[in-house]
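Residue numbers (the numbering used here): -17 to 299.
See below:
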């Protein structure tokens, strides 16, 4: 018969004052990129309505998803700085995931509207002002380039240190900005597609190119939206992270001196890249928990990227 001791938890993560300047710099860049992208999104909507171009409206929709990605990155950086409190034991980091899921669903709905409208325009062609379309699409391309320049300015990881496996604050901020930049790069393709459509209409008068390339842009949005929904839903449902192999963890931990066996392992993600775990560890007779458990926790952190583990200790009689 085994006796149980109180569980051993990893110390709560904490932030450091010297992380604040990096976080503020990241927030400033994200807000500036949001302003540039958001303002030009409005310009493209107006340009799409005036020119009659669905491709421009689709590109504006893609820019809307970029704004969403920038908001997510901002939420990730800003809320990641908030410490846990009585009502939020793990802090506010799940806001990033919840926002991502909402953004992904919106992207899928938006792309569905674009595809339906494109089908309607293929059946009932509409006139397109190619000159206006070309000017706005080219300006949109330049706006995206400007947003990329803002995001990449100063987004380099400098020195730092790690506590308890929690990702470095600077690395998190750079990852958040890099993720937002990927969305903006995707929108560059949308702007190029709109420019191509404008040139084809200008020189050939073949207006079906506008809804056809709108579908191409919509498919870009679907691809990104589905990935975001699938990934964020998996985290919200507390699914096992993709890189976690439970059997390998059990085998690895059994090689730690003093460990007899492990069981009841559960792993999930708090946010993308931040993995938590609970498990039971049965110690060998006479093995001191105070020495063995820190080794187990270190093995989880170094080999599997699990930064916070709650470990229930069992002793053989």
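We treat Cβ as the ideally placed atom computed from N, Cα and C, and that holds for glycine.
Please read these numbers as outputs of a predicted model, since none were measured by experiment.
Check	Outcome
Contact the segment 207 to 227 vs the segment 272 to 281: 3+ CB pairs below 8 Å	no
When 197, 229, 202, 53 are compared against residue 286, the one with the closest alpha-carbon	229
Element boundaries [beta strand (DSSP E), containing residue 311]	This structure cannot speak to residue 311, because the chain is shown only from -17 to 299.
Limits of the unbroken alpha helix (DSSP H) element including residue 84	76 to 105
Straight-line Cα distance separating residue 60 from residue 211	22 Å
Meets three-Cβ-pair contact criterion under 8 Å: the segment 95 to 107 and the segment 8 to 15	no
Beta-ladder partner(s) of residue 262, from DSSP	245, 294
Residue 220, DSSP secondary structure in three states	coil
Counted within 10 angstroms of its Cβ, other Cβ atoms place residue 186 as buried (16 or more) or exposed	exposed
Cβ shell of residue 232 (< 7 Å), same chain only, five flanking positions each side left out	244, 247
Rounded Cβ spacing between residue 300 and residue 89 (contact assumed at less than 8 Å)	Here the chain has residues from -17 to 299 only, and residue 300 is not among them.
At least 3 beta-carbon pairs within less than 8 Å: the segment 15 to 27 vs the segment 117 to 133	yes
Local conformation of residue 110 per DSSP, three classes	coil
Among 125, 135, 194, nearest to residue 19 - alpha-carbon criterion	125
Start-to-end residues for the alpha helix (DSSP H) that takes in residue 233	228 to 235
Anticipated Cβ contact below 8 Å, residue 76 with residue 253, distance rounded	7 Å
Best match in 93, 179, 27, 167 for proximity to residue 52 [C-alpha to C-alpha]	167
Residue 238 (DSSP reduced to helix, strand or coil)	coil
C-alpha gap between residue 23 and residue 45, whole angstroms	6 Å
The alpha helix (DSSP H) enclosing residue 344, as first and last residue numbers	Missing from the structure shown is residue 344; the chain here goes from -17 to 299 and no further.
Helix, strand or coil at residue 147 [DSSP, three-state]	With a pLDDT of 39 at residue 147, under the threshold of 50, the predicted position of this residue should be treated as unreliable, though the coordinate-derived value follows. In this structure, residue 147 counts as coil in the three-state DSSP scheme.
Beta carbon of residue 50 nearer than 8 Å to that of residue 85	yes
Buried or exposed by the 16-neighbour rule on C-beta atoms within 10 Å, applied to residue 31	exposed
Contacts around residue 198, its chain only, beta-carbon distance under 7 Å, and the 5 residues preceding and following it disregarded	175
Residue 269 classed as buried or exposed, judged by whether at least 16 other C-beta atoms fall within 10 angstroms	buried
Sequence-distant residues of the same chain with beta carbon closer than 8 Å to residue 121, five excluded per side	22, 25
Rounded C-alpha distance that separates residue 64 from residue 284	26 Å
Residue 239 versus residue 272 - alpha carbon distance	12 Å
Residue 36 versus residue 224: straight-line alpha-carbon distance, rounded	38 Å
Rounded Cβ spacing between residue 263 and residue 296 (contact assumed at less than 8 Å)	7 Å
Buried versus exposed call for residue 47 [16 or more other C-beta atoms within 10 Å across all chains shown]	buried
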